[in-house]
Amino acid sequence: MTTEAGGRTVPRERDRPGLTPEESALIVRIGVFVKMRWLAIAGVLIASLLATQVFDIRFSLVPIYIICAVMTLYNLLFLYQSRHLNAEARGWLPDTLVVPLRRLLTIPKATSPLIEKARATGNIHITVDLAALTVLLHYTGGIENPFIFYFVFHVILAGILLHYRVAYLIATWAILLVLLLVGLEYYEVIPHVHLEGFAAAGLHQQGSHILSVLIALSTCLYASAYMVTSISGELRKRQREVVTLQQKGLTEKTRELEEAGKELTKLEEGRQHLLRFLAIASHDLKAPLSAVQSYIQLMLGGFSGELTDKQRQMLDRSSTRITEQLELISDLLDISRIEGGQMVKEMEEVSLSQIVKDSVENVRAMAADKKVKLSIKMPASLPKVKASGARLKQVITNLLGNAVKFTPENGAVLFRVTEQNGNILTEVMDTGTGISADDLPKIFDDFYRGGNKEKTGTGLGLSIVRRVVEAHGGKVWAESPNPEDKKGRGSKFTFTLPHNLIIAGKKQNQRGRIRSQKT
Amino acid sequence: MAYKVLLVDDDPDIRDVVTMLLEAKGYETVTACDGIECLAALRAEEPDLMIIDLLMPKMDGFAVLKELEDGRWSKYRHIPILILSSVREEASRRRYELETALEFNVDDYVEKPITPDILLERVQRLLNKSKKV
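Keeping their order, the protein sequence lines are chains G and V. Sequential numbering from 1 applies to the first sequence in our numbering. Sequential numbering from 1001 applies to the second sequence in our numbering.
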């Protein structure tokens, strides 16, 4: 195989799935060499034409054409082979031939059947090329032709594609073929084709010339075999190392993931355990108080006989204190459940309008008692959100409740919901006593009751509000005095619900707008 | 004829309170301490109303509800059930539905601590409804 090709591009390794870098490189290279063979065939034709037409070297072109035609045919066959090179295709060489041959040359079996097949294919291609070159040389002057040194390409190809010992084998084949050719021509067993106008006649029978060419050729071929195989061997070793490293890395990562998975399961179990514990603890803490409260209520209801004023007063106070205690226990349980991530698990699709309606109902009576005007401003349709309905109800009830509690008689509380930049904004404004500048930054803290004269409540209400809003991804803050109040009274509490909670396209129309309450 | 109410709660003070309350209004009461006694009393007494606590030892209120869904108890299906518990209604509903995949099918739910007027009103309402049936 002769080649005119100049700069050769490095074959790009298209990563086919499931192939190691070594396998895909091998298959790609065989394809590349098939392409290069086209160039070689073209080169032969061009060189022959140049030689006869331009340089006036005379020799018959007909055999050249015939050989080129044959080469074209077999390269087409090779092209088909290289395209269909996959592990499923059965080899055309029976194993009975291949195995003893391999053993003879002490070549180890390749690391994968695909590589085996690819190498066998490469072997065939190179051997055929050797034969083609020899025949070509015969018809273009034999020992006279300097292109006799092109056998070096076969050796290099073998070194790249095949096992290293095969490269030396190919080199030996080449030498033997040349010997055969030159020998036959020397002893005139076959006719010698003479390059008229290029070399001296009778060169093919000049012993010194033949010997020198043979020595030069042999040393060239074996040295090239050595150089190529050492480089190629290195390359292959590196490629195998890469694969091993990759696999080691993968095993490491898998092990780490398993460990992490186990950790997570343990954590989850721990959390479940804690929640069960909390549920039992809270029940056990509440039960005695419930019983006591029930007795007190019964007594206050007159079911245990007539009560004196003093008795009634003391029972009232006791009942109030117990109610506070029960609320505190509920709040504590709420907080631990929120902190434990339980609320996030309970989030589902809820209707904001319904939640607002229910919360307002909870405070309506209290507002009416105090003659506080309760007005609601809501858009006609509010979207559905993914949230914890019960908790949001708790939040709104708490804020409205506080607003009413801290607003004197005949005051006003305004509850407003709007959509701003895709987020939902809820504002509760009152005309009450407001919050001092000292207290304002601390009101959302746990157990903070502030300097207000009314020291009722657990002090956890706003901290639960904060936790719930933040667990939904929103923010809550307070301003005092209410910036929208013309007389500079009261406070304004605002909380946001981020847009990612909104379930798109599910707006619910309000039926029966909530009217403002005035009593 | 006086209405017969079956009251199930493991807390003796709660049993005391509710019994006092109901008897003051002229109802007859039968008590049980846990789910097992509850089912036995149901068979024996055939009450007009059941007031059941949820958290009890041996067999709790949830288990009783689940048991009553079974065909064996179909002849008692008409008896209204009022749950009296310190657990919030929503939490109980969620827990029951999660654990049994059945609907939390009770006629009323009252949270402890007991406000006498509220409990009496609910009991009355349920008994009137079932009388009409």
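Ideal Cβ placement from N, Cα and C applies to all residues, glycine included.
What residue does the alpha helix (DSSP H) around residue i start on, and which one ends it?
| i | result |
| --- | --- |
| Tyr139 (chain G) | 113 to 139 |
| Tyr168 (chain G) | 164 to 186 |
| Ala368 (chain G) | 352 to 370 |
| Leu285 (chain G) | 207 to 300 |
| Asp1107 (chain V) | Run containing Asp1107 (chain V): none; DSSP gives neither H nor E here. |
| Lys345 (chain G) | 342 to 345 |
| Asp309 (chain G) | 309 to 339 |
| Cys1038 (chain V) | 1035 to 1045 |
| Leu1068 (chain V) | 1061 to 1068 |
| Phe151 (chain G) | 151 to 161 |
| Glu1089 (chain V) | 1089 to 1100 |
Between the options, which lies nearest to residue i when the distance is taken from Cα to Cα?
| i | options | result |
| --- | --- | --- |
| Leu275 (chain G) | G:Ser336, G:Ile64, G:Leu217, G:Thr229 | G:Ser336 |
| Ile66 (chain G) | G:Ile41, G:Lys405, G:Gln53, G:Lys384 | G:Ile41 |
| Val428 (chain G) | G:Glu327, G:Ser381, G:Lys442, G:Glu479 | G:Glu479 |
| Thr219 (chain G) | G:Lys248, G:Leu278, G:Ile175, G:Ile231 | G:Ile175 |
| Thr426 (chain G) | G:Met378, G:Tyr74, G:Arg449 | G:Met378 |
| Phe198 (chain G) | G:His125, G:Pro146, G:Thr134 | G:Pro146 |
| Val404 (chain G) | G:Val395, G:Lys371, G:Ala47, G:Lys253 | G:Lys371 |
| Met227 (chain G) | G:Glu188, G:Gln394, G:Tyr164, G:Ser351 | G:Tyr164 |
| Asn1105 (chain V) | V:Pro1113, V:Glu1111, V:Arg1093 | V:Arg1093 |
| Asn75 (chain G) | G:Phe153, G:Leu245, G:Trp38, G:Arg416 | G:Trp38 |
| Glu144 (chain G) | G:Leu195, G:Pro191, G:Gly159, G:Lys117 | G:Leu195 |
| Val44 (chain G) | G:Cys68, G:Val34, G:Lys35 | G:Cys68 |
| Leu73 (chain G) | G:Leu19, G:Phe495, G:Ala132 | G:Ala132 |
| Val363 (chain G) | G:Arg391, G:Leu400, G:Asp331 | G:Leu400 |
| His84 (chain G) | G:Val413, G:Glu185, G:Leu440, G:Ile27 | G:Ile27 |
| Thr431 (chain G) | G:Pro441, G:Glu470, G:Arg489, G:Val182 | G:Arg489 |
| Leu162 (chain G) | G:Ile231, G:Tyr139, G:Met36, G:Leu214 | G:Ile231 |
| Thr433 (chain G) | G:Asn410, G:Asp446, G:Phe406 | G:Phe406 |
| Gly389 (chain G) | G:Ile160, G:Arg255, G:Val469 | G:Val469 |
| Ala1044 (chain V) | V:Val1030, V:Ile1051, V:Leu1055, V:Gly1061 | V:Val1030 |
| Glu346 (chain G) | V:Leu1098, V:Lys1131, V:Leu1022, V:Leu1127 | V:Leu1098 |
| Tyr1027 (chain V) | V:Asp1009, V:His1078, V:Leu1039, V:Met1050 | V:Met1050 |
| Gly301 (chain G) | G:Val292, G:Ala291, G:Arg312 | G:Arg312 |
| Arg391 (chain G) | G:Leu497, G:Glu306, G:Asp438 | G:Leu497 |
| Gly233 (chain G) | G:Ser60, G:Ser330, G:Thr254, G:Ala158 | G:Ala158 |
| Leu298 (chain G) | V:Asp1070, V:Glu1023, V:Lys1058, V:Ile1079 | V:Glu1023 |
| Arg1015 (chain V) | V:His1078, V:Ile1114, V:Tyr1076 | V:Ile1114 |
| Glu1037 (chain V) | V:Asp1013, V:Asp1048, V:Asp1108, V:Leu1006 | V:Leu1006 |
| Lys475 (chain G) | G:Ile435, G:Ile424, G:Asp439 | G:Ile424 |
| Gly473 (chain G) | G:Gln394, G:Asn398, G:Val344 | G:Val344 |
State the beta-bridge partners of residue i as determined by DSSP.
| i | result |
| --- | --- |
| Lys1004 (chain V) | V:Glu1028 |
| Phe59 (chain G) | BP columns for Phe59 (chain G) are empty, so no partner. |
| Ile1083 (chain V) | V:Ile1052, V:Tyr1109 |
| Glu349 (chain G) | G:Lys386 |
| Ile502 (chain G) | G:Val385 |
| Glu196 (chain G) | G:Arg58 |
| Phe303 (chain G) | G:Gly305 |
Give the residues of chain C in contact with residue i, contact being defined as C-beta atoms less than 9 Å apart.
| i | result |
| --- | --- |
| Ala390 (chain G) | Of the chains in the structure shown, none is chain C; the protein chains are G and V. |
List the whole-angstrom C-beta distance separating residue i from residue j, where the pair is believed to meet the contact cut-off of C-beta under 8 Å.
| i | j | result |
| --- | --- | --- |
| Thr458 (chain G) | Glu324 (chain G) | 7 Å |
| Gly526 (chain G) | Ile30 (chain G) | Because chain G is modelled from 1 through 519, residue 526 (chain G) falls outside the range shown and cannot be assessed. |
| Val128 (chain G) | Ser82 (chain G) | 14 Å between Cβ atoms; not a contact. |
| Lys1066 (chain V) | Ser1085 (chain V) | Rounded, the Cβ-Cβ distance is 16 Å, inconsistent with contact. |
| Ser351 (chain G) | Ile396 (chain G) | Actually they are not in contact, since the Cβ atoms of Ser351 (chain G) and Ile396 (chain G) sit about 13 Å apart, beyond 8 Å. |
| Ile329 (chain G) | Val292 (chain G) | Between Val292 (chain G) and Ile329 (chain G) the Cβ distance is about 13 Å, and since that is not below 8 Å, they are no contact. |
Where do the ends of the beta strand (DSSP E) carrying residue i lie?
| i | result |
| --- | --- |
| Val385 (chain G) | 381 to 387 |
| Lys492 (chain G) | 492 to 497 |
| Ile190 (chain G) | Careful: Ile190 (chain G) lies outside any beta strand (DSSP E) and carries neither H nor E. |
In chain order, each alpha helix (DSSP H) run of at least 4 residues that lies wholly inside the stretch 402 to 480 of chain G: 461 to 471
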